[in-house]
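Comments concern the structure below.
Residue numbers (our numbering): 1086 to 1224.
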């Protein structure tokens, strides 16, 4: 009698295939159990040439929730909804960020609860250095 997990001439035995299938199902169920609510944005930085100037950047938001519901992506900085989804558990949105300061965003469910938050950081190439130049010289 052959052992359940031994190699045969053609490759894997039925036992190996059964074990592989079971491990695949276990991995899938663990992945589903570990699914978390998230809101991500790429890129996370908007770069202006000089400090204090407006930056303009097209970003991509991606979000996922544990259960389907009505969700809105809102700008906490500008206090307005950017886009809403009905009966969804995930979504994507391309958006043009404009601003002089960091921009904060949140995913809000149908009851107004915050699900997840993220931000787009505003950075600049050149700082706003105000050097006082003396109006007189000794030499």
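Cβ atoms here follow ideal geometry from the backbone N, Cα and C, with glycine treated the same way.
As the structure is a prediction and not an experimental result, all values here were calculated from the model.
N-terminal and C-terminal residue of the beta strand (DSSP E) that residue i is part of
i, result
"residue 1205", "1199-1211"
"residue 1130", "1130-1135"
"residue 1121", "Where residue 1121 is concerned, there is no enclosing beta strand (DSSP E), given that its DSSP letter is neither H nor E."
Own chain partners of residue i with C-beta closer than 6 Å, once the 5 adjacent residues on each side are dropped
i, result
"residue 1181", "1143"
"residue 1201", "1122, 1123, 1124, 1192"
"residue 1111", "Residue confidence for residue 1111 is low, a pLDDT of 46 falling below 50, so the modelled location carries little weight and cannot support an answer."
"residue 1149", "1123, 1175"
Whole-angstrom C-beta distance between residue j and residue i, which should lie under 8 Å
i, j, result
"residue 1205", "residue 1187", "7 Å"
"residue 1140", "residue 1147", "Residue 1140 to residue 1147, Cβ: 21 Å. No contact."
Beta-carbon proximity of residue i to residue j, cut-off 7 Å
i, j, result
"residue 1179", "residue 1145", "yes"
"residue 1156", "residue 1194", "yes"
"residue 1161", "residue 1189", "yes"
Residue closest to residue i, alpha-carbon to alpha-carbon, out of the options
i, options, result
"residue 1212", "1168, 1129, 1120, 1138", "1138"
"residue 1136", "1203, 1184, 1147", "1184"
Close beta carbons around residue i, own chain, < 8 Å, minus the five adjacent residues each side
i, result
"residue 1151", "1120, 1121, 1122, 1174"
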